[in-house]
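Residues in the sequence shown are numbered from 1 upward in steps of one, following the UniProt record's numbering.
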Amino acid sequence: MGFMPDYVVYHELVMTAKEYMQCVTAVDAVWLAELGPMFYSVKESKTSRSEKRMESVRTAESMEEEMREAQREMQRRKEESERAFKRPDSVRIADMDLLPPELLQRICLYLPPTDRLSLSLVCSRIFAALGRFLPRPSTVCVQIGNCPATARVHGHDTSLALCQCDRHDTQSLLSKVLPLIASGATSLDLEDELARDHIRDYHVHELLTQCAGAPLTRLALSNCDLVSVKPWTMAQIAQFNELQEITDKLARSVARCCPLLETFCVSGCPSVSALSALALMEAAFFRVSQMLTMHVEKTGFDVDQLNRYIHSPLFANPNEWKLTPTAVQLGYEKSAVLAEHKNAVCILIYV
1 MGFMPDYVVY HELVMTAKEY MQCVTAVDAV WLAELGPMFY SVKESKTSRS
51 EKRMESVRTA ESMEEEMREA QREMQRRKEE SERAFKRPDS VRIADMDLLP
101 PELLQRICLY LPPTDRLSLS LVCSRIFAAL GRFLPRPSTV CVQIGNCPAT
151 ARVHGHDTSL ALCQCDRHDT QSLLSKVLPL IASGATSLDL EDELARDHIR
201 DYHVHELLTQ CAGAPLTRLA LSNCDLVSVK PWTMAQIAQF NELQEITDKL
251 ARSVARCCPL LETFCVSGCP SVSALSALAL MEAAFFRVSQ MLTMHVEKTG
301 FDVDQLNRYI HSPLFANPNE WKLTPTAVQL GYEKSAVLAE HKNAVCILIY
351 V
């Protein structure tokens with residue numbers, strides 16, 4: 001054929017020159033001349049074999065040179081790290097524990113406010129350095145969840161995710177962080193993210209105590225099981241005299257989670273309606289005491305509306321409660337409604 005191809009493509013298979021010669025000598029010459037091009041495509045290289053060998057040698061030499069250069073670079077870096085380790089203390093990179101608080105504070109101040117709060121939870125030393133420079137949000141959300149403790153700041157909202165495990169002192173963390181970030185908060189949320197455990201009494205006590213001076217107008221309890229919380233701890237809610245968003249949701253949260261509840265006072269809360277009394281009536285048999293005193297003065301409570309609710313077929317115990325208007329003598333006559341169940345359980349509602 002006049003030339004020797006370097007390789008041949010046959011049905012997308014690559015053959016060497018030897019395999020090609022074996023193939024073409026095994027077929028009829030006439031068929032190869034007439035029909036062979038339909039099955040074979042010969043690709044001829046533009047370079048000779050000697051040039052190819054020289055190119056292969058040059059490629060191998062360049063790769064070896066690159067390997068030697070990489071080894072020299074690794075050796076140089078190793079020597080630099082050893083020299084840095086042997087430097088005197090005056091020029092060695094400073095340890096974080098040896099940094100003075102003033103310098104640590106200046107370093108941390110380069111962080112945006114959204115990251116300072118998370119950094120302050122790393123250790124007490126950083127917290128002491130950043131305490132005065134933490135963001136002052138208007139909304140604080142304390143979430144009970146898994147380890148570890150985290151903090152997030154988004155605009156004027158701050159979220160603290162804490163745990164209740166015995167390995168971490170959540171109470172101490174609340175006592176340090178809350179006075180700094182909750183001093184100007186107008187909204188406080190306590191949420192159980194997992195909704196699987198009782199909220200511990202001393203955690204709620206610490207939360208309400210440290211937020212005592214905050215001008216709260218909103219207090220929300222979400223998915224919180226308050227069975228373990230003492231009545232005198234819950235009584236601290238009364239110190240927030242600027243709350244404006246107490247609704248029937250508070251009564252629904254407290255009804256089944258506070259079995260020791262004896263007095264429930266939501267006087268002066270216009271968003272409270274007869275649904276609060278209805279929720280406490282439904283959970284009457286979950287409480288230890290057979291009598292509950294409820295104060296709903298200056299609220300949206302309506303006796304007629306409550307009477308319709310307890311006789312509705314949608315109520316859990318329809319036609320088992322009876323409402324009786326009465327007046328209680330407390331040195332003066334005070335209007336009230338006595339809600340009595342046929343099993344000697346009652347709720348005295350001051351209206």
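For each residue, glycine too, the CB sits at the ideal point set by N, CA and C.
- Between the alpha carbons of Ile126 and Cys163 lies a distance of about 21 Å.
- Taking one beta carbon from each stretch, the stretch 251-262 and the stretch 284-294 have 3 or more pairs nearer than 8 Å; the two touch.
- Here Lys322 carries a strand assignment [DSSP, helix/strand/coil].
- If only complete runs of 4 or more residues are kept, the stretch 175-243 shows the alpha helix (DSSP H) at 201-210 and 231-234, in order along the chain.
- Between Arg218 and Glu191, the gap from beta carbon to beta carbon reaches 8 Å or more.
- Short of 8 Å from the beta carbon of Pro318, and not among the five residues preceding or following it, lie these beta carbons of its own chain, in chain order: Ile310, His311 and Ser312.
- Counting the other Cβ atoms within 10 Å of the Cβ of Arg116 gives 16 or more, which makes it buried.
- Distance from the CA atom of Lys52 to the CA atom of Glu80, rounded to whole angstroms, is 42 Å.
- Counting along the chain, Leu306 sits inside the alpha helix (DSSP H) bounded by residues Val303 to Ile310.
- Note that the stretch 227-241 does not touch the stretch 175-184; fewer than 3 beta-carbon pairs, one per stretch, sit closer than 8 Å.
- The C-alpha of Leu160 lies about 13 Å from the C-alpha of Leu119.
- Taking the CA atoms as reference points, Ile144 sits about 11 Å from Val204.
- Between the alpha carbons of Thr158 and Thr247 lies a distance of about 23 Å.
- Annotated three-state conformation of Ile107 is helix, per DSSP.
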